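Order-wise, the sequence lines are chains D and X.
Under full-length UniProt numbering, the first residue of the first sequence is numbered 1, with each subsequent residue one higher.
Under full-length UniProt numbering, the first residue of the second sequence is numbered 1, with each subsequent residue one higher.
Presented below is the structure to which this report refers.
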Amino acid sequence: MVAYLARRFLTLLLVMFVMTMLIFGLMHAVPGGPFDQTQQPLPGPAMANVMRKYGLDQPIWRQYLNWLWALLHGDLGIPFEQPTMTVTGLIARAWPITLAIGGLTILVSYVGGLVMGCAAALRHNTWLDWLLTSAVSTVGVALPNYVVGFLLISLFSVKLGWLPVGGWGQPQDLILPVVAFSLYPMALMARYTRASTLEVTYADYVRMGRARGLSERRLTVRYILRTALIPLITIMGPNIPNILTGSIFIEATFALPGLGSYFTTASLHRDYPLILALVLIVAVLWGTCYILSDVAYTLVDPRVRLEGLSR
Amino acid sequence: MSDLSSGQPARLPHLTRRGFLVGASALSLAACGKSQDTSSGAGTKNALGLKLPAGAASAGDQYYVLPFDSTGASYKALDFYENVYSRAPLADQFNIPLVRLNQNYQIVPGAAGGWEQSADKNSWTFHLRKGIMWSDGKELTAADYVETLRYSADPKHAWDFSWFWSGVIKNYTDAVAGKVPTSSIGVKQGKDKYTLVIETEGPVAYIPSACLYTTPLSAAALHKYGSGSYNINPATCVTCGPYTLTKFDPTAQVVLGPNKKYTGPFKPPIDTLVGKIYAGGDMLPRFQTGQVDQLSVTPLDLKIAAKNPKTKALHLYKNPNDFEIWYTFFDTKKAPFDNVKVRQALAHSVDRESLIKSLLAPLATPAYGYLTPGYPFAVEDPLKPYTNYDPAKAKSLLAQAGYPNGKGFPPVKFYWWANAVSNTEAVVQALTHTWNSVLGINIQLQQLDKTTFYARMNKKPTEIQMGFVSYGMDYFDASNMLSVYKSDGRHNWNNAQYDKLLAKGAAESKPQARQEIYTEAQVQLTREAPGVFVFHLLYGYYYAPYMQGKALSKNKNGYDGIQWPGFGATSDSLQGLYVAQNKQKWPRPKPNGIS
Numbered sequence: 001m002v003a004y005l006a007r008r009f010l011t012l013l014l015v016m017f018v019m020t021m022l023i024f025g026l027m028h029a030v031p032g033g034p035f036d037q038t039q040q041p042l043p044g045p046a047m048a049n050v051m052r053k054y055g056l057d058q059p060i061w062r063q064y065l066n067w068l069w070a071l072l073h074g075d076l077g078i079p080f081e082q083p084t085m086t087v088t089g090l091i092a093r094a095w096p097i098t099l100a101i102g103g104l105t106i107l108v109s110y111v112g113g114l115v116m117g118c119a120a121a122l123r124h125n126t127w128l129d130w131l132l133t134s135a136v137s138t139v140g141v142a143l144p145n146y147v148v149g150f151l152l153i154s155l156f157s158v159k160l161g162w163l164p165v166g167g168w169g170q171p172q173d174l175i176l177p178v179v180a181f182s183l184y185p186m187a188l189m190a191r192y193t194r195a196s197t198l199e200v201t202y203a204d205y206v207r208m209g210r211a212r213g214l215s216e217r218r219l220t221v222r223y224i225l226r227t228a229l230i231p232l233i234t235i236m237g238p239n240i241p242n243i244l245t246g247s248i249f250i251e252a253t254f255a256l257p258g259l260g261s262y263f264t265t266a267s268l269h270r271d272y273p274l275i276l277a278l279v280l281i282v283a284v285l286w287g288t289c290y291i292l293s294d295v296a297y298t299l300v301d302p303r304v305r306l307e308g309l310s311r
Numbered sequence: 001m002s003d004l005s006s007g008q009p010a011r012l013p014h015l016t017r018r019g020f021l022v023g024a025s026a027l028s029l030a031a032c033g034k035s036q037d038t039s040s041g042a043g044t045k046n047a048l049g050l051k052l053p054a055g056a057a058s059a060g061d062q063y064y065v066l067p068f069d070s071t072g073a074s075y076k077a078l079d080f081y082e083n084v085y086s087r088a089p090l091a092d093q094f095n096i097p098l099v100r101l102n103q104n105y106q107i108v109p110g111a112a113g114g115w116e117q118s119a120d121k122n123s124w125t126f127h128l129r130k131g132i133m134w135s136d137g138k139e140l141t142a143a144d145y146v147e148t149l150r151y152s153a154d155p156k157h158a159w160d161f162s163w164f165w166s167g168v169i170k171n172y173t174d175a176v177a178g179k180v181p182t183s184s185i186g187v188k189q190g191k192d193k194y195t196l197v198i199e200t201e202g203p204v205a206y207i208p209s210a211c212l213y214t215t216p217l218s219a220a221a222l223h224k225y226g227s228g229s230y231n232i233n234p235a236t237c238v239t240c241g242p243y244t245l246t247k248f249d250p251t252a253q254v255v256l257g258p259n260k261k262y263t264g265p266f267k268p269p270i271d272t273l274v275g276k277i278y279a280g281g282d283m284l285p286r287f288q289t290g291q292v293d294q295l296s297v298t299p300l301d302l303k304i305a306a307k308n309p310k311t312k313a314l315h316l317y318k319n320p321n322d323f324e325i326w327y328t329f330f331d332t333k334k335a336p337f338d339n340v341k342v343r344q345a346l347a348h349s350v351d352r353e354s355l356i357k358s359l360l361a362p363l364a365t366p367a368y369g370y371l372t373p374g375y376p377f378a379v380e381d382p383l384k385p386y387t388n389y390d391p392a393k394a395k396s397l398l399a400q401a402g403y404p405n406g407k408g409f410p411p412v413k414f415y416w417w418a419n420a421v422s423n424t425e426a427v428v429q430a431l432t433h434t435w436n437s438v439l440g441i442n443i444q445l446q447q448l449d450k451t452t453f454y455a456r457m458n459k460k461p462t463e464i465q466m467g468f469v470s471y472g473m474d475y476f477d478a479s480n481m482l483s484v485y486k487s488d489g490r491h492n493w494n495n496a497q498y499d500k501l502l503a504k505g506a507a508e509s510k511p512q513a514r515q516e517i518y519t520e521a522q523v524q525l526t527r528e529a530p531g532v533f534v535f536h537l538l539y540g541y542y543y544a545p546y547m548q549g550k551a552l553s554k555n556k557n558g559y560d561g562i563q564w565p566g567f568g569a570t571s572d573s574l575q576g577l578y579v580a581q582n583k584q585k586w587p588r589p590k591p592n593g594i595s
């Protein structure tokens with residue numbers, strides 16, 4: 001297991017290296033630089049001063065090596081758009097907000113989705129099944145989260161005046177964004193849970209277990225749910241990094257000063273150090289989540305073997 | 001047997017309707033705070049010792065919350081001379097510029113009580129008021145302006161607006177290029193510490209207007225901290241304006257409280273300014289629920305607000321803000337737009353009135369020329385013969401250019417970037433449809449992101465054959481806006497006669513003579529049609545009904561609301577604005593972090 005994990009993480013490091021190099025090249029290849037977007041283009045000497053100040057007057061390979069060297073020393077650089085901060089400081093300030101929203105979203109959506117999916121499957125073809133899968137989860141999948149956000153604001157903030165319209169600083173600020181953000185993953189989770197639970201419910205080994213006189217509780221918890229979790233782990237892999245890095249729509253709708261908004265502004269402003277840092281975060285999260293998914297398979301179903309371990 | 005496996009419905013925690021309502025109400029109270037029914041403060045004094053006007057709310061309610069949308073923006077500084085394009089909300093409050101702009105767009109005394117041009121017209125002398133103190137106990141003197149302008153020219157500072165004084169202040173261009181020391185620029189103390197002399201590269205008539213942009217940093221603080229960033233930290237903020245920094249969080253909120261050491265001449269009734277920063281989202285609900293006291297509205301907001309019983313009763317304030325024009329520009333060095341008749345044909349094909357009525361009303365006015373009505377030296381009637389809607393004339397001009405009914409006219413890419421405030425998507429679609437149907441030509445739309453658009457437009461030679469773009473003024477004089485079309489400027493239309501007129505206008509001190517020169521320049525620009533001028537943007541605002549004062553009344557041009565330059569020390573708007581008693585019971589939860 002340790003050797004397997006070490007190999008996977010080393011591969012991840014290599015992927016990171018290649019990817020940052022690629023992103024660095026692409027950032028510089030697109031038209032427009034970080035200091036171009038002004039009404040008046042800066043005159044030559046003024047622009048030269050700016051480029052010198054931010055090290056952009058050096059050849060691109062040198063800029064990349066400088067960035068890499070700094071990264072190896074734990075320094076992600078200075079964001080061009082907020083030079084009074086460091087990229088690390090900016091992320092340290094914004095990411096906890098996104099993580100708080102994301103963490104609660106994962107909790108609400110996954111617990112809610114599992115309960116809904118199981119309930120629907122175990123009450124297959126009843127009104128409860130219809131309500132949970134056809135109504136709630138279809139609406140949840142079909143409605144974009146920013147539309148849900150606007151609806152929630154219109155109802156609970158403007159019309160009823162119960163909850164804040166947006167912002168950050170009090171516990172109640174979390175309620176509407178988490179509900180809006182949870183709806184889609186919860187609906188997705190519910191549909192997958194229902195499908196996989198139904199599939200397992202009619203599997204031969206479950207019927208055999210029932211014939212052997214195993215209790216329904218034991219069958220459900222020990223066999224049905226456990227096996228049904230496997231496809232869910234597959235969809236959790238890519239979902240968790242997405243949720244933990246924030247939704248630009250949710251953060252914009254509810255005015256949350258989280259990490260999500262930086263994904264667009266950094267690109268629009270060609271803020272190279274910030275773009276690289278954000279790409280790194282996402283890539284590391286994705287890589288790690290996929291590795292953890294693979295490990296999770298073996299925990300849920302011992303029949304699954306990690307590559308190399310069975311040899 | 002579990003509930004799930006027994007075939008019985010799952011038992012979920014039961015929440016009664018009453019329980020839900022009680023919980024939600026508690027949340028509501030906690031979230032919104034107590035909505036204020038402001039008591040009268042008329043006749044009492046605010047934190048700066050100013051007597052509040054009749055009808056004013058109490059001093060504790062004299063705070064004003066403004067929303068700022070940070071989409072596509074990030075905030076680095078609070079001072080003009082630290083960074084211009086990324087200044088945070090409520091910037092430029094910690095100092096007093098030499099001059100200010102009043103509600104009627106007149107240049108009036110600021111820190112300088114008076115000024116005059118030298119006999120040889122190559123310098124200007126400003127006489128500072130005495131007794132304006134910085135919060136660190138030092139007096140505001142000419143040295144603060146001198147050090148600030150030298151700092152702005154320092155190549156190491158790499159100020160993003162250094163073009164502004166280049167070619168204007170003596171030796172400034174060379175200092176920015178590192179060829180001469182910053183101490184050699186033409187800004188110095190005169191006969192005493194209250195006299196500031198600005199030497200120019202030649203006669204420059206518009207220096208007083210340009211001096212709106214002389215919001216100084218404290219020379220002592222500048223030397224101590226090495227940059228103007230000291231003003232984004234409440235502990236190191238040094239101010240000679242009526243406000244001081246209380247909180248600076250560039251992603252959420254900027255709060256300015258009263259500077260109780262203020263000794264300057266301009267005292268605002270409002271003690272606390274709050275800039276709420278939102279990364280996008282819909283501002284209208286934030287205004288309707290009282291989280292902010294002001295709202296900038298788009299045409300779409302107006303439609304929604306008109307259906308709401310609360311907002312539909314509000315007055316819509318309209319003004320041109322930074323006198324922004326939206327126009328189509330051409331690469332005039334290449335066919336087909338190197339032919340003046342082609343450009344004129346396109347100019348005559350646009351029915352500006354109808355376009356505005358259907359897409360932009362009431363937040364735009366037709367652009368018959370480059371300058372917005374109300375802007376210094378702007379004229380309109382002499383330009384209409386070159387820009388009026390006349391499809392027959394447009395077809396005839398196109399035929400004269402060698403493209404009868406559009407035959408032989410090459411396919412053209414028309415580039416644009418999305419801007420919701422200016423509704424550019426609908427406008428470029430309408431323009432393209434008009435040109436293609438009236439003239440029989442083939443113009444195709446191509447959207448770009450803003451950074452790419454500007455990068456390609458500004459390339460020399462330009463990489464955009466035809467594009468839709470805006471320009472808002474930098475300083476309040478025709479020489480600024482009209483210089484966009486100077487040779488080798490933003491666009492590649494070169495005209496020596498136009499350049500001469502601009503040079504002549506910039507040097508001329510007599511207003512009547514300047515008017516004649518700039519009228520001629522505008523006629524020439526419009527006749528040659530290096531661009532098709534489409535509309536001047538008007539900014540629309542709602543204010544909560546308790547926001548009152550002279551600052552919101554109509555000015556002599558008929559524009560109302562807070563005019564450009566807004567709430568900075570560069571205007572008199574804050575002196576004419578106060579919070580009145582909340583008789584309309586408009587919601588007003590007090591924001592966190594203010595006393």
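No residue lacks a Cβ here, since even glycine has one placed at the ideal position from N, Cα and C.
Here the structure is a predicted model, which is why all the values come from computation and not from measurement.
- Identification of chain X residues near D/Thr253 by a Cβ-Cβ cut-off of 8 Å yields Gly280, Gly281 and Asp282, ordered along the chain.
- Listed along the chain, the chain D residues whose CB falls inside 9 Å of the CB of X/Ile232 are Thr84.
- Only those residues of the region 9-36 of chain D whose C-beta falls short of 9 Å from the nearest C-beta of chain X are listed: Val30, Pro31, Gly32, Gly33, Pro34, Phe35 and Asp36.
- Considering only beta carbons, the part of the region 427-461 of chain X lying closer than 7 Å to chain D consists of Asp449, Lys450, Thr451, Thr452, Tyr454, Ala455, Arg456 and Asn458, in chain order.
- When CB distances to chain D are screened at a threshold of 7 Å, the residues of the region 163-196 of chain X falling below it are Trp163, Ser166, Val176 and Ala177, in chain order.
- Put simply, of X/Thr570, X/Ala158, X/Pro530 and X/Ala143 the residue whose alpha carbon is nearest the alpha carbon of X/Phe329 is X/Pro530.
- Annotation: the continuous beta strand (DSSP E) that includes X/Phe68 extends over Tyr63 to Asp69.
- In this structure, DSSP gives X/Met547 an extended state, which the three-state scheme calls strand.
- Note that the region 51-65 of chain X touches the region 562-581 of chain X; at least 3 beta-carbon pairs, one per stretch, sit closer than 8 Å.
- Beta bridge pairing from DSSP links X/Tyr578 with X/Gln548.
- If you draw a straight line from the Cα of X/His127 to the Cα of X/Tyr105, it comes to about 22 Å.
- Residue pairing for X/Asp249: DSSP places it in a beta bridge opposite X/Gln253.
- When the five nearest sequence neighbours on each side are left out, the beta carbons in the same chain lying within less than 8 Å of the beta carbon of X/Thr424 are those of Trp326, Trp416, Trp417, Ala418 and Phe468, in order along the chain.
- X/Gly43 counts as exposed, since fewer than 16 other beta carbons sit within 10 angstroms of its beta carbon.
- X/Thr200 is bridged by DSSP to X/Ile169.
- With respect to X/Asp79, X/Gly228 sits close: the two C-beta atoms are nearer than 7 Å.
- Unbroken alpha helix (DSSP H) stretches of 4 residues or longer found wholly inside the region 77-163 of chain D: 87-122, 138-142 and 145-152, given in chain order.
- In this structure, the straight-line span from the alpha carbon of X/Gly374 to that of X/Asn321 is close to 11 Å.
- For D/Lys159, no CB of chain X lies under 7 Å from its own CB, so it is not counted at the interface with that chain.
- At a cut-off of 7 Å between C-beta atoms, D/Ser196 does not count as an interface residue with respect to chain X.
- D/Glu81 has a beta carbon lying within less than 7 Å of a beta carbon in chain X.
- Residues of chain D with a Cβ closer than 7 Å to the Cβ of X/Pro155 are, in chain order, Asn49.
- If you check each beta-carbon in the region 139-165 of chain D against every beta-carbon of chain X, the ones closer than 9 Å belong to Tyr146, Gly149, Phe150, Ile153, Ser154, Phe156, Ser157, Val158, Leu160, Gly161, Trp162, Leu163, Pro164 and Val165.
- With a contact defined as Cβ atoms closer than 8 Å, X/Thr200 and X/Lys170 qualify at about 6 Å.
- For X/Lys224, no chain D residue has a C-beta closer than 8 Å to its own C-beta; the minimum C-beta separation is roughly 16 Å.
- The shortest C-alpha to C-alpha distance from X/Gln575 to any of X/Leu363, X/Ile562 and X/Asn492 is the one to X/Ile562.
- Minimum Cα-Cα distance from D/Leu225 among the listed residues D/Ala190, D/Leu10, D/Leu244 and D/Gly258 corresponds to D/Ala190.
- Residue state for D/Glu251 is assigned as helix, using DSSP reduced to three classes.
- Judged by DSSP secondary structure, X/Phe535 falls within the beta strand (DSSP E) whose first and last residues are Gly531 to Leu537.
- In the three-state reduction of the DSSP assignment, X/Gly561 falls in the coil class.
- Taking C-beta atoms as the reference points, X/Asp271 and X/Tyr64 fail to come closer than 7 Å.
- Residue-level contact check: D/Ser261 touches chain X, since one or more beta carbons of chain X fall below 7 Å from its beta carbon.
- Residue state for D/Phe181 is assigned as helix, using DSSP reduced to three classes.
- If you compare the alpha carbons of X/Ala378, X/Pro181 and X/Lys504 with that of X/Met473, the shortest gap goes to X/Ala378.
- Residue range Met283 to Gln288 is occupied by the alpha helix (DSSP H) that includes X/Met283.
- Interface flag for X/Pro285 against chain D is set, since a Cβ pair is found closer than 7 Å.
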